[in-house]
């Protein structure tokens, strides 16, 4: 996906959000070809045909032109209260064609909200894989409407909507758009948490002020919340007076975040005017044309009559569109950038070298037996003909492994794909994507290692899934719309997949989040930043911000470790410097315990409707806060007093190339959430086991278990020391055991424990892919071959390996 000019169908409800999102499309140079609207109809209306309103038709909502069926059927006296579409104020909508000069396509809403799950799966009737979505689900109403638009505007290739915080709405629009080959655009997604106007206090209502600055006139047409009543109807919410009044009224009742934007259904709006770049005429509603219709339960809406169009004064028809585009970097990462410019990377080490957290006798350890980790390469018979055939063979093997283990592709949690040639990625992606037909496919890391791959193989794939016995609830984040928030994932991978950490098939309270590799695309355009003297630094910081935003959205509290993939550098010195900049950025992003706590955006509107945790105060909850990355409270007080000791280990891996020609890609290994206070300690052993090895242990205490995430690095006995890989592999097993015993002398490690992931300097560890007898391909665990590896201090290890271990006996501190 690139930043080319798109031809956009604007899905409008009449409300403020859909129109302001449309203005952002214009701001980015896209061409709006048509408006599309779904409206409620009375039970006596049998017509479901798409209605086309030509902008040249001069009409008003009360008096259509003779012979023209351009307005809605008689409006029902009761609001449909659709979960998906705004269904009040639709009497005005036929006038938008003439007001904007754009053709308007309208269709009645067919069916109702039959599917209530947050992430929409159109292939399932119930969300449990029981066949195609029923025609009666209101989401599917968009399909015939958009097909009708596309048949008359074949150049259309994008769909704009006004989703701000609602995953429920966004995933449904994305599902339909992508099925029809349209690029989804949601420029307002997460807008309230994005950088605010410089010099102002962060405030979610800034969006309303920005709408006012852009010239959007939006009026409240429905209220449905404690604190808002009939007196607020027809309030101009896109004004400073309107903003202040709405916030004051809602604040009295402890409304949730998003309430002042109406995101939880507190109120709905209708747009009657906008900037001249969109509105050529304004819509006027006479005072005697507004009738309040009470519905009970604090809900009241306006029925409108006598609505008409009015020409604008000539002086209003000129002028430049004033749409505020949120800054690319938020305050934390802007400050980080400035800190990097002021001082060179320090490469300091701040780690404890002893543990006081674990105190127990007879601790037994084991690897994460509730997870399956597979390494997949094509059979030799499938190589050489085409990359498609090789990928088909790999995909077939994955399907076979899943079937053998009683699993489905939708249960995969994370995938690492290593390519010989990144140019093959589109063709590989097409075949790989056939695995996934359900929402929220696994997170994915994609890199190219060039000639470092096994001989005659063009793709190596590592996949992780829970065992069939592990009954793991799975939650995903898969934003496929362009926005200002983070890059869209148009493809068979999610930004993040969250699962429970399990012991013996039973879920613990601890959750782990696998996040896709983050490259530095500018979210709104999906292009890389423009070339500059500090381009590498800019890419490091921007992609790290993407990781942080996704982690915060998933409520990650800390990371176990991370790696920065660097595209091939021109020299060893350049690779070393890039690694140090990345490590310094990682350290600065963590901040310190003195930083002000950040708060989340409260529950999603889906939670407000369906999650019992939030069903209070009439379906609303008092604003809550949740620690975001990094949550210093999870560390022991001893470590918080030395914040440098709490920074998880980070390394840089120089590979051949990265997607889209990026210079950097961030990969956080495990994001942890639901972590209790003072339950984490990070211990570093600068020398352990055989000479040349170091280890780091992140020890996480949960109610049911202790999980130890171990990172080990081998630096060699001498700077130029090379070691045959199979010898190194045997050595790392011994070092792992020695390191665990140093962590807790009573720990007994099982034989044959392997890392779940490793990075190897290909030039310093010969024999990487060959079997012990020197023949065949042997990949003992997930291995990433690198041109070079670098520590946070700019040192050059030969290998870095990662382990995950459960301590299953009772432990007390």
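Residue numbers (full-length UniProt numbering): 1 to 813.
Beta carbons: idealized from backbone N, C-alpha and C, even for Gly.
Same chain, Cβ closer than 8 Å to residue i, five either side skipped, listed in chain order
i	result
residue 377	394, 454, 457, 459, 460, 461, 777, 779
residue 405	372, 465, 467, 468
residue 786	449, 452, 653, 654, 655, 759, 760, 761, 762
residue 240	209, 212
residue 424	387, 458, 459
residue 581	340, 345, 536, 537, 540
Cβ pair residue i, residue j closer than 9 Å
i	j	result
residue 197	residue 16	no
residue 304	residue 221	yes
residue 266	residue 165	no
residue 513	residue 704	no
residue 566	residue 575	yes
residue 227	residue 251	yes
residue 223	residue 233	yes
residue 10	residue 55	no
residue 174	residue 307	no
residue 724	residue 692	no
residue 517	residue 429	no
residue 541	residue 329	yes
residue 782	residue 416	yes
residue 651	residue 278	no
residue 215	residue 322	yes
residue 557	residue 675	yes
residue 237	residue 259	no
residue 147	residue 103	no
residue 545	residue 332	yes
Cβ distance (whole Å) where residue i is taken to contact residue j below 8 Å
i	j	result
residue 382	residue 390	5 Å
residue 658	residue 519	6 Å
residue 673	residue 549	Actually they do not touch by this definition, with Cβ atoms about 15 Å apart.
residue 187	residue 486	The pair is not a contact, with the Cβ atoms about 13 Å apart (cut-off 8 Å).
residue 689	residue 738	4 Å
residue 769	residue 483	So it is not a contact: roughly 41 Å between Cβ atoms.
residue 660	residue 528	6 Å
residue 797	residue 713	4 Å
residue 463	residue 507	Actually they do not touch by this definition, with Cβ atoms about 21 Å apart.
Chain C within 9 Å of residue i, Cβ atoms only
i	result
residue 672	Protein chain content of the structure displayed is limited to a single chain, and chain C is not contained in it.
Cβ shell of residue i (< 6 Å), same chain only, five flanking positions each side left out
i	result
residue 590	630, 647
residue 561	648, 649, 669, 711
residue 293	301, 303
residue 36	9, 11, 105, 145, 149
residue 7	31, 33, 155, 156, 157
residue 299	224
residue 326	194, 195, 484
residue 698	560, 682, 709
residue 177	159, 184
residue 563	651, 653, 667
residue 633	677
Same chain, Cβ closer than 7 Å to residue i, five either side skipped, listed in chain order
i	result
residue 311	281
residue 202	196
residue 475	498
residue 717	691, 692
residue 481	170, 174, 184, 185, 186, 189, 488
residue 553	477
residue 742	685, 688
Buried or exposed by the 16-neighbour rule on C-beta atoms within 10 Å, applied to residue i
i	result
residue 489	buried
residue 751	exposed
residue 730	exposed
residue 320	exposed
residue 641	exposed
residue 108	buried
residue 291	exposed
residue 681	buried
residue 338	exposed
residue 801	buried
residue 296	exposed
residue 471	exposed
Any non-hydrogen atom of the ligand FMN within 8 Å of residue i CB
i	result
residue 797	Absence of the ligand FMN from the depicted structure is noted, as is the absence of any ligand whatsoever, leaving it without description.
**Asked** Are at least three pairs of beta-carbons, each pair with one atom in the stretch 790 to 797 and one in the stretch 575 to 589, less than 8 Å apart?
**Response** The stretch 790 to 797, when compared against the stretch 575 to 589, does touch it at the 8 Å Cβ threshold.
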